[in-house]
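S.K.:
In this note's numbering, the protein residues as written are 479 to 896.
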């Protein structure tokens, strides 16, 4: 398949000129949505003390963002299908800007949690529409390649965001990170005005959102790959949520040192994304999904074994935990773009609805897991939580994602998207 985008019906016919700017916009939005979590992580213990929160309450501010990002995703998808990509994208970005600026002024815990949920609604909406824009133009294994490019933005936010958050925690105040988020969202708004985005479809207004989503949920070729990516994402979100306290309170790392570990995580994710980008055409997305799920399961099983064996009880366990954390991130980088590409390519005729429901399942599973982790991680039992999630990820891919889907996806990767 050609690397040039295949524009859907109704989209402006400027493929060659708009390829790079479209990917730049999508990457900037994904970067923004992920960095809203990672730039905040190093300061989580400080937030807990300053706002007089419990540790569980402080961690729930991460869950609130993830849940807020997940719940309205089907509605963002339906809005993008009916009214086009531009309007819903601008609304979501404006909501993100407003909530970020209010968070920069926040001084009480209840307001923090409410605003984090609103920020998640805006960030999740923008991120899923960014992926819909990519899906509008590519499909099949080429879509997996393009989603792996989005992973580079995710990587930058994962590693660079945590590193920047460490510097903010050391030299400024945690609210500064939210000002930075508002600025990035404003840049995305400005860039979106210069690009041709797909218009809405009148047929989508009468086709029935609930009926479309029900049809998609009954398609195993869509459902199981989406769930596999969601379970992997839930594993990494749970690790993100507990990591500030594991690193800073258990291993006694300074906030800047914890921020620097984000760079290692970024390298791990970048390596996985580049592996996908280079090998997906040769090996196929489903084979890479199996490999990624196996690595996530291996990492989380080793975390549980290390915890039960007492290897994480001392400072020497720091390097074991870092290595296994990086392995889990690498595995998710291999799994995630292939799971999403496999799912939406199986249901390519459903357009934005397919991408939105895929995002909802993945964000929803992550939100549920992150909320459960608030109750599970104390005393080291978080290792059991990530083990269960990693094992479920592998089991779903191993027994529910059939190898024949590779041929189905490959066969759908040529020709117009709609």
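Every residue gets a Cβ at the ideal spot worked out from N, C-alpha and C, and that includes glycine.
Just the Cα atoms here: how many angstroms apart are residue 554 and residue 789?
M.R.: Here residue 554 is taken as the residue at index 76 of the chain shown, counted from 1. Here residue 789 is taken as the residue at index 311 of the chain shown, counted from 1. Between residue 554 and residue 789, the C-alpha separation is close to 45 angstroms.
S.K.: Assess, as a yes-or-no matter, whether the region 653-663 is touched by the region 772-782 under the definition of 3 or more beta carbon pairs within less than 8 angstroms.
M.R.: Segments in contact, no.
S.K.: In the structure shown, what three-state DSSP assignment does residue 792 receive?
M.R.: For the purposes of this step, residue 792 is identified with residue 314 of the chain shown, where counting begins at 1. If DSSP states are grouped into helix, strand and coil, residue 792 belongs with coil.
S.K.: Checking 7 angstroms against the spacing of the C-beta atoms, do residue 626 and residue 751 come in under that value?
M.R.: In the chain shown, counting from the first residue as 1, residue 626 sits at position 148. In the chain shown, counting from the first residue as 1, residue 751 sits at position 273. A contact, by the Cβ cut-off of 7 angstroms.
S.K.: Could you check where the alpha helix (DSSP H) with residue 768 kicks off and where it finishes?
M.R.: Reading the chain shown from its first residue, position 290 is the one you call residue 768. It spans 763-786 - the alpha helix (DSSP H) in which residue 768 sits, taken as one unbroken run.
S.K.: Locate the alpha helix (DSSP H) running through residue 571, then write down its first and last residues.
M.R.: Translated into the one-based positions of the chain shown, residue 571 becomes position 93. That run of the alpha helix (DSSP H) goes 564-582.
S.K.: So, residue 868 versus residue 774, is the Cβ gap smaller than 7 angstroms?
M.R.: Stepping through the chain shown from its first residue, residue 868 is reached at position 390. Stepping through the chain shown from its first residue, residue 774 is reached at position 296. In this structure, residue 774 lies closer than 7 angstroms to residue 868 by Cβ.
S.K.: What do you reckon, are the CB atoms on residue 694 and residue 825 nearer than 7 angstroms?
M.R.: For the purposes of this step, residue 694 is taken as residue 216 along the chain shown, with counting starting at 1. For the purposes of this step, residue 825 is taken as residue 347 along the chain shown, with counting starting at 1. Going by C-beta atoms, residue 694 is nearer than 7 angstroms to residue 825.
S.K.: Determine, using beta carbons only, whether residue 588 and residue 834 come nearer to each other than 7 angstroms.
M.R.: As a working mapping, residue 588 is identified with position 110 in the chain shown. As a working mapping, residue 834 is identified with position 356 in the chain shown. Their beta carbons are not under 7 angstroms apart, which means residue 588 does not touch residue 834 by this criterion.
S.K.: Residues in the same chain with beta-carbon distance under 7 angstroms from residue 577, minus the five sequence neighbours each way, listed in chain order, please.
M.R.: By 1-based counting over the chain shown, the position of residue 577 is 99. So the list reads 593, 596, 597, 600, once near-sequence residues are dropped.
S.K.: Ordered along the chain, which non-local residues of its own chain (more than five positions away) have a Cβ less than 8 angstroms from that of residue 872?
M.R.: As a first step, residue 872 is located in the chain shown; it is residue number 394 there, counting from the start. Here the set comprises 771, 772, 774, 775.
S.K.: Is residue 747 buried or exposed, if buried means 16 or more other CB atoms sit within 10 Å of its CB?
M.R.: In the chain shown, the residue the question calls residue 747 occupies position 269. Classification of residue 747: buried, given that the 10 Å Cβ count is 16 or more.
S.K.: Closest to residue 823 by CA distance: which of 580, 612, 549 is it?
M.R.: Here the question's residue 823 lines up with position 345 in the chain shown. Comparing Cα positions, the closest option is 612.
S.K.: Looking at residue 712 and residue 847, is the spacing between their C-beta atoms short of 7 angstroms?
M.R.: Taking the first residue of the chain shown as position 1, residue 847 is located at position 369. Taking the first residue of the chain shown as position 1, residue 712 is located at position 234. Closer than 7 angstroms, so yes.
S.K.: Using a Cβ-Cβ cut-off of 6 angstroms (strictly less than) and excluding sequence neighbours within five positions of residue 740, which residues of its own chain qualify?
M.R.: Along the chain shown, one-based indexing puts residue 740 at 262. If we look at residue 740 and ignore the five residues flanking it on each side, its Cβ neighbours are 637, 640, 641.
S.K.: Excluding sequence positions up to five away, which residues of its chain have a Cβ less than 6 angstroms from the Cβ of residue 817?
M.R.: Within the chain shown, the letter at position 339 stands for residue 817. For residue 817, where only same-chain residues beyond five positions count, the Cβ hits under 6 angstroms are 703, 706, 707, 767.
S.K.: Closer than 6 angstroms by C-beta to residue 624: which residues in its own chain qualify, once you throw out the five before and the five after it? Chain order, please.
M.R.: As a first step, residue 624 is located in the chain shown; it is residue number 146 there, counting from the start. Here the set comprises 612, 616.
S.K.: How far does the alpha helix (DSSP H) with residue 641 in it reach, from first residue to last?
M.R.: Taking the first residue of the chain shown as 1, we reach residue 641 at position 163. 640-649 is the span of the alpha helix (DSSP H), which, as asked, contains residue 641.
S.K.: If you run the structure through DSSP and keep just helix, strand and coil, what is residue 671?
M.R.: To locate residue 671, count along the chain shown from 1; it is residue 193. Residue 671: coil per DSSP, three-state reduction.
S.K.: The alpha helix (DSSP H) with residue 559 in it runs from where to where?
M.R.: If you number the chain shown from 1, residue 559 lands on position 81. That run of the alpha helix (DSSP H) goes 551-561.
S.K.: With a cut-off of 8 angstroms on the beta carbons, I'd call residue 543 and residue 655 a contact; round off their distance for me.
M.R.: Counting from one through the chain shown, the residue named residue 543 turns up at place 65. Counting from one through the chain shown, the residue named residue 655 turns up at place 177. Between residue 655 and residue 543 the Cβ distance is about 13 angstroms, and since that is not below 8 angstroms, they are no contact.
S.K.: Secondary structure at residue 752, three-state DSSP: helix, strand or coil?
M.R.: Start at 1 with the first residue of the chain shown, and residue 752 comes out as number 274. DSSP places residue 752 in helix when its eight states are reduced to three.
S.K.: If you run the structure through DSSP and keep just helix, strand and coil, what is residue 876?
M.R.: The residue you call residue 876 lines up with position 398 of the chain shown. Three-state result, residue 876: helix.
S.K.: Can you tell me whether residue 828 is buried or exposed? The criterion is at least 16 other CB atoms within 10 Å of its CB, across all chains shown.
M.R.: Position 350 of the chain shown, counted from the start, is the residue given in the question as residue 828. Buried, by the Cβ-count rule.
S.K.: Taking the alpha helix (DSSP H) that residue 592 falls in, what are its first and last residues?
M.R.: In the chain shown, residue 592 corresponds to position 114, counting from 1. Residues 587-615.
S.K.: Between the alpha carbons of residue 897 and residue 607, how many angstroms are there, rounded?
M.R.: This structure leaves residue 897 out entirely; the chain is present only between 479 and 896.
S.K.: Could you have a look at residue 697 and say whether DSSP puts it in helix, strand or coil?
M.R.: Against the chain shown, residue 697 aligns to sequence position 219. Looking at residue 697 - three-state DSSP - the assignment turns out to be coil, as it is neither helix nor strand.
S.K.: How about residue 524 and residue 536: are their beta carbons less than 7 angstroms apart?
M.R.: As a working note, residue 524 is residue 46 in the chain shown. As a working note, residue 536 is residue 58 in the chain shown. Not closer than 7 angstroms, so no.
S.K.: Return the first residue and the last residue of the alpha helix (DSSP H) that residue 546 is part of.
M.R.: Numbered from its first residue, the chain shown carries residue 546 at position 68. Here the alpha helix (DSSP H) through residue 546 covers 533-548.
S.K.: List in chain order: all unbroken alpha helix (DSSP H) runs of 4+ residues lying wholly within the region 790-852.
M.R.: The region 790-852 contains these whole alpha helix (DSSP H) runs: 795-824.
S.K.: Do residue 782 and residue 859 come within 7 angstroms of each other at the CB atom, strictly closer than that value?
M.R.: If you number the chain shown from 1, residue 859 lands on position 381. If you number the chain shown from 1, residue 782 lands on position 304. Taking 7 angstroms as the Cβ cut-off, residue 859 and residue 782 do not qualify as a contacting pair.
S.K.: When you compare the CB positions of residue 666 and residue 506, do they come within less than 7 angstroms of one another, or not?
M.R.: On the chain shown, residue 666 is found 188 positions in, with the first residue counted as 1. On the chain shown, residue 506 is found 28 positions in, with the first residue counted as 1. The answer is yes: Cβ separation under 7 angstroms.
S.K.: Between which two residues does the alpha helix (DSSP H) harbouring residue 527 extend?
M.R.: For this step, residue 527 is matched to residue 49 along the chain shown. First-last of the alpha helix (DSSP H) with residue 527: 522-528.
S.K.: Are the CB atoms of residue 744 and residue 644 within a distance shorter than 7 angstroms?
M.R.: Here residue 644 refers to the residue found at position 166 when the chain shown is read from its first residue. Here residue 744 refers to the residue found at position 266 when the chain shown is read from its first residue. No, the Cβ-Cβ distance between residue 644 and residue 744 is not below 7 angstroms.
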